[in-house]
Amino acid sequence: MTQAITSRRDGDTFQARLFWLRAACLLDSDSPIIKVGFETGPKAFDDIWVDYDASRSPRDQEGRPLRREHVQCKWHVSPSTYGYLDVADPEFINANARSLLQRAHAAQVTHAPAGDGVRFKLLTNWRIDRADPLRAIIGSRSSAIRLDRMFTSTTDNSKIGALRQAWREHLGGDDETLRLLARTLAFAEAPDSLDDLRERLDH
Numbered sequence: 169m170t171q172a173i174t175s176r177r178d179g180d181t182f183q184a185r186l187f188w189l190r191a192a193c194l195l196d197s198d199s200p201i202i203k204v205g206f207e208t209g210p211k212a213f214d215d216i217w218v219d220y221d222a223s224r225s226p227r228d229q230e231g232r233p234l235r236r237e238h239v240q241c242k243w244h245v246s247p248s249t250y251g252y253l254d255v256a257d258p259e260f261i262n263a264n265a266r267s268l269l270q271r272a273h274a275a276q277v278t279h280a281p282a283g284d285g286v287r288f289k290l291l292t293n294w295r296i297d298r299a300d301p302l303r304a305i306i307g308s309r310s311s312a313i314r315l316d317r318m319f320t321s322t323t324d325n326s327k328i329g330a331l332r333q334a335w336r337e338h339l340g341g342d343d344e345t346l347r348l349l350a351r352t353l354a355f356a357e358a359p360d361s362l363d364d365l366r367e368r369l370d371h
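The working numbering puts the sequence shown at residues 169 to 371.
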């Protein structure tokens with residue numbers, strides 16, 4: 169019970185400090201961030217959201233402008249890894265019915281039906297397993313999925329093909345469904361400890 173309370177408290181602290189790091193950018197006239205929100209937005213991606221100035225917005229992994237980013241913060245007391253099957257498992261986000269992937273798909277259909285302009289990011293202190301095919305399709309600069317890597321083969325007879333097949337079947341969609349969703353997804357690691365995050369805020 170004590171560990172559960174500690175985990176929840178630290179998770180709230182993790183989320184709050186990541187929020188304030190983004191909110192502090194509002195004081196910087198050179199920052200493209202114009203608005204920041206907390207605990208509002210699409211289910212499972214409602215921890216933090218950021219709006220960008222359309223004239224100075226950052227670019228996504230394909231060079232298209234980003235208008236908004238929704239971030240789901242997930243803190244773990246103990247270090248570990250995750251992979252593509254975990255994001256299709258409701259237990260990964262302590263849910264009973266819908267997985268992170270299903271909730272991301274619902275958010276994408278509602279907020280980014282064309283598959284661009286909005287990013288849905290999982291930000292966690294766990295890292296993607298080095299041997300997992302999800303790691304192979306994530307861009308090192310953006311933490312977003314690279315479609316050229318995800319769809320590099322046309323069959324499912326490979327590790328990345330198995331990822332595509334598992335996600336398609338989990339979502340009940342086809343490759344086009346998966347492309348539109350994947351273009352909006354990012355999986356990022358937050359390597360800083362809670363103390364490190366506080367020190368960054370202090371400076």
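Glycine included, C-beta positions come from ideal geometry on N, C-alpha and C.
Keep in mind it's a predicted model, so treat the numbers as computed, not measured.
Could you spell out where the alpha helix (DSSP H) holding residue i opens and where it closes?
{"i": "Asp370", "result": "362 to 370"}
{"i": "Asp343", "result": "343 to 350"}
{"i": "Thr278", "result": "268 to 279"}
{"i": "Pro210", "result": "Careful: Pro210 lies outside any alpha helix (DSSP H) and carries neither H nor E."}
{"i": "Asp316", "result": "315 to 318"}
Rounded to whole angstroms, what's the CA-CA distance from residue i to residue j? Just pull it up for me.
{"i": "Leu349", "j": "Lys211", "result": "15 angstroms"}
{"i": "Leu234", "j": "Ala358", "result": "21 angstroms"}
{"i": "Leu194", "j": "Ile202", "result": "6 angstroms"}
{"i": "Arg368", "j": "Gly205", "result": "20 angstroms"}
{"i": "His273", "j": "Trp188", "result": "27 angstroms"}
{"i": "Ala192", "j": "Arg347", "result": "34 angstroms"}
{"i": "Ile306", "j": "Val239", "result": "17 angstroms"}
{"i": "Arg185", "j": "Thr323", "result": "43 angstroms"}
{"i": "Ala284", "j": "Ala354", "result": "Before going further, note that residue 284 is Asp rather than Ala in the sequence given. Spanning the two alpha carbons is a distance of roughly 13 angstroms."}
{"i": "Asp257", "j": "Leu302", "result": "15 angstroms"}
{"i": "Gly231", "j": "Ile328", "result": "24 angstroms"}
{"i": "Asp270", "j": "Asp370", "result": "Note that residue 270 is Gln in the sequence shown here, rather than Asp. Going by the C-alpha atoms only, they are around 37 angstroms apart."}
{"i": "Leu365", "j": "Ser223", "result": "30 angstroms"}
{"i": "Ser308", "j": "Ala172", "result": "33 angstroms"}
{"i": "Ala330", "j": "Asp196", "result": "44 angstroms"}
{"i": "Ser199", "j": "Phe213", "result": "23 angstroms"}
{"i": "Ile313", "j": "Ala304", "result": "9 angstroms"}
{"i": "Arg351", "j": "Gln276", "result": "10 angstroms"}
{"i": "Asn264", "j": "Leu315", "result": "30 angstroms"}
{"i": "Glu207", "j": "Ser361", "result": "22 angstroms"}
{"i": "Val286", "j": "Asp363", "result": "30 angstroms"}
{"i": "Arg317", "j": "Gln229", "result": "12 angstroms"}
What span of residues does the beta strand (DSSP E) with residue i cover, start to end?
{"i": "Thr292", "result": "286 to 292"}
{"i": "Gly329", "result": "Not the beta strand (DSSP E): Gly329 falls in the alpha helix (DSSP H), residues 327 to 339."}
{"i": "Val218", "result": "216 to 220"}
{"i": "Val204", "result": "201 to 206"}
Kindly identify the DSSP beta-bridge partner or partners of residue i.
{"i": "Thr249", "result": "Arg295"}
{"i": "Pro233", "result": "Arg227"}
{"i": "Gln240", "result": "Leu290"}
{"i": "Phe355", "result": "Leu290"}
{"i": "Ile306", "result": "Ile313"}
Below 8 angstroms, how does it come out for the stretch 213 to 233 and the stretch 336 to 344: are there three or more Cβ pairs, yes or no? No contact exists between the stretch 213 to 233 and the stretch 336 to 344.
Mind the definition here: the stretch 239 to 259 touches the stretch 286 to 304 only if three or more C-beta pairs lie below 8 angstroms; say whether that holds. By the criterion of at least three beta-carbon pairs nearer than 8 angstroms, the stretch 239 to 259 is in contact with the stretch 286 to 304.
Can you find at least 3 beta carbon pairs, one from the stretch 230 to 245 and one from the stretch 170 to 182, that sit closer than 8 angstroms? Touching, yes.
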